[in-house]
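Asks: Attaching a single structure in C-alpha cells format; questions to follow.
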Amino acid sequence: MSNDFFNENILQGKVAFVTGGGTGITGGVARALAEHGAKVAITSRKPENLEPMKQLIEENVGECFAVAADVRDFEAVTNAINKTVEHFGKIDIVINGAAGNFLCKPEELSPNGFGTVIDIDTKGTFNVCRAAFGELKKSQGQILNISATLHYTATQMQIHVSAAKAGVDAMTRNLAVEWGKYGIRVNGIAPGPIEDTEGLKRLLPEPLKEKLAKKIPLQRFGRIKDIENAAVFLCSDAASYISGVTLVVDGGHWLTGTAFG
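Last residue of the sequence shown: number 262 in our numbering, and the count goes up by one each step with no gaps.
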C-alpha cells in the first residue's frame, strides 16, 4: 500500500482514467490513486483483466469503473473516455500504462511485430491523450505516461520498445509545452526492473535475476509500491509546478549500462 507516505485524501475529488489498469504496475497505480481519494476508471483490451482489480478497489479502498478498450483504436478510446465522464462526471488525471513487449533480435523482428508495439505504446498514448484533451482542459488536469529506461542506452532485443518509449518521452515533453497554456501538466515515470511483474518474468530469465540485482546501485529490484508512490506524488498538487519531466525510478540502474547489466 502507498498510503504510508501521503495523506490519504491527497487526491480527494479527483477522477483518474488508467489504461492497462487491470494488472501489473499500472494496476498498482490505479489502486494507489484510489487509496488516496481518487475515483478510478480502469481500461484494458481484455475485459477479463479488469474485474479482479475493480473488485479489489471497491472492496478495500474506493470507487472504480471498468471499461474495455483497445488503445490502438481511437474510436474505442473516445468511447471509453465518454463512458467514464458519464459515470464520474469528469476526468482530472490520465495514466497511460497500456504496453506491449517481448524479446526479439532486430534481424528477426517482423515489421508487424515492430508496428504492434509502436501502435500500443506510442500511438496508444497519443490516442488517449487526444481523446481526453477536452476533459483535461476543463479540469486543468494532468497526464502521466508510463515509460521505461531501455532507450537511455541501448538494450539488446528491445529495439521495438526502445523506439516506442522514446516516442512516449518526446510526447511527454511536447504536450507539456503545448498544453501548458491550458493548465494541463504532463509527466512520465520510467520504471527500472520491478519485481513481481510479468515484464520482469518475461524479459529476464530466473538465473540472471540475482546477477542483475547486484548490479543495481541500491542492490535490489524495484517494487510496484515504488512506482505507486511516484505516481501519487506526480498526480497530486504537491507536484503542481512539475511538468515535462520523466521521473526515473530504477535505483540508479540505467546509469550502470544497459538494461540487462
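Virtual Cβ for every residue (Gly too), placed ideally from N, Cα, C.
Check each candidate in A77, G189, G142 and K216 and name the one with the smallest Cα separation from V30.
Replies: Of the listed residues, the one whose Cα sits closest to V30 is G189.
Asks: How far does the alpha helix (DSSP H) with Q56 in it reach, from first residue to last?
Replies: Its alpha helix (DSSP H) spans residues E52 to N61.
Asks: Using 8 angstroms as the cut-off, can you tell me whether the stretch 126-136 makes contact with the stretch 69-89, which would need three or more C-beta pairs spanning the two stretches below that distance?
Replies: Cβ pair count under 8 angstroms is three or more, so yes.
Asks: According to DSSP, is N230 part of a helix, a strand, or is it coil?
Replies: Helix at N230.
Asks: Look at I185 and G142 and say whether their C-beta atoms are less than 8 angstroms apart.
Replies: Yes, they are a contact pair.
Asks: Are there 16 or more other CB atoms within 10 angstroms of the CB of Y183, so buried, or fewer, so exposed?
Replies: Under this definition Y183 is an exposed residue.
Asks: For V30, which beta-bridge partners are listed by DSSP?
Replies: Looking at the DSSP assignment, V30 forms no beta bridge with any residue, so it has no partner.
Asks: May I ask you to list the residues that DSSP assigns as paired with P192?
Replies: P192 is bridged to V250.
Asks: Evaluate H88 with the Cβ neighbour count: other Cβ atoms within 10 Å of its Cβ, from every protein chain shown; 16 or more gives buried, anything less gives exposed.
Replies: It counts as exposed.
Asks: From what residue to what residue does the alpha helix (DSSP H) around N10 run?
Replies: Run containing N10: none; DSSP gives neither H nor E here.
Asks: Between I160 and N10, what straight-line distance do the alpha-carbon atoms span, to the nearest angstrom?
Replies: So the two alpha carbons sit approximately 41 angstroms from each other.
Asks: By the three-class DSSP mapping on this structure, what secondary structure does R186 have?
Replies: Correct three-state label for R186: strand.
Asks: Which residues mark the beginning and the end of the alpha helix (DSSP H) in which V178 is found?
Replies: Looking at the DSSP string, the run of the alpha helix (DSSP H) that includes V178 is I160 to W180.
Asks: Could you tell me how far apart the beta carbons of P218 and G252 are, in whole angstroms, since I believe they sit closer than 8 angstroms?
Replies: 6 angstroms between Cβ atoms; contact.
Asks: Give the range of the alpha helix (DSSP H) segment to which L213 is assigned.
Replies: Segment E207 to K216, the alpha helix (DSSP H) holding L213.
Asks: DSSP puts T79 in a beta bridge; with which residues?
Replies: Paired residues: none, contrary to the question.
Asks: Determine the closest residue to L248 out of N230, G258 and D238, with distance taken between C-alpha atoms.
Replies: Taking only the C-alpha atoms, the option nearest L248 is N230.
Asks: In the DSSP assignment, find the beta strand (DSSP E) that holds N102 and state where it starts and stops.
Replies: Where N102 is concerned, there is no enclosing beta strand (DSSP E), given that its DSSP letter is neither H nor E.
Asks: Keeping to the same chain, check which residues put their C-beta closer than 8 angstroms to that of I195; ignore five residues upstream and five downstream.
Replies: If we look at I195 and ignore the five residues flanking it on each side, its Cβ neighbours are I26, L201, F222, G223, R224, I225, D227 and I228.
Asks: Specify whether the stretch 63-70 and the stretch 31-44 touch according to this definition: at least 3 beta carbon pairs, one from each stretch, less than 8 angstroms apart.
Replies: At 8 angstroms Cβ cutoff, the stretches touch.
Asks: Between I58 and C236, is the Cβ-Cβ spacing less than 8 angstroms?
Replies: Result no, Cβ atoms of I58 and C236 do not sit closer than 8 angstroms.
Asks: For the beta strand (DSSP E) containing L145, name the first residue and the last one.
Replies: Q143 to I147 is the extent of the beta strand (DSSP E) around L145.
Asks: Where does G262 sit, in a helix, a strand or coil, going by DSSP?
Replies: Because G262 sits at a pLDDT of 43, beneath the cut-off of 50, its placement in the model cannot be relied upon, and the point is left open.
Asks: Going by the CB atoms, is the gap between K166 and L176 shorter than 8 angstroms?
Replies: Contact flag unset, no.
Asks: Tell me which residues share the same chain as N4 and place their Cβ nearer than 6 angstroms to its Cβ, disregarding the 5 neighbours each side in the sequence.
Replies: Bear in mind that the predicted position of N4 carries a pLDDT of just 48, short of 50, making it too unreliable to give a figure here.
Asks: Between the C-alpha atoms of F18 and V86, what's the straight-line distance to the nearest angstrom?
Replies: Going by the C-alpha atoms only, they are around 10 angstroms apart.
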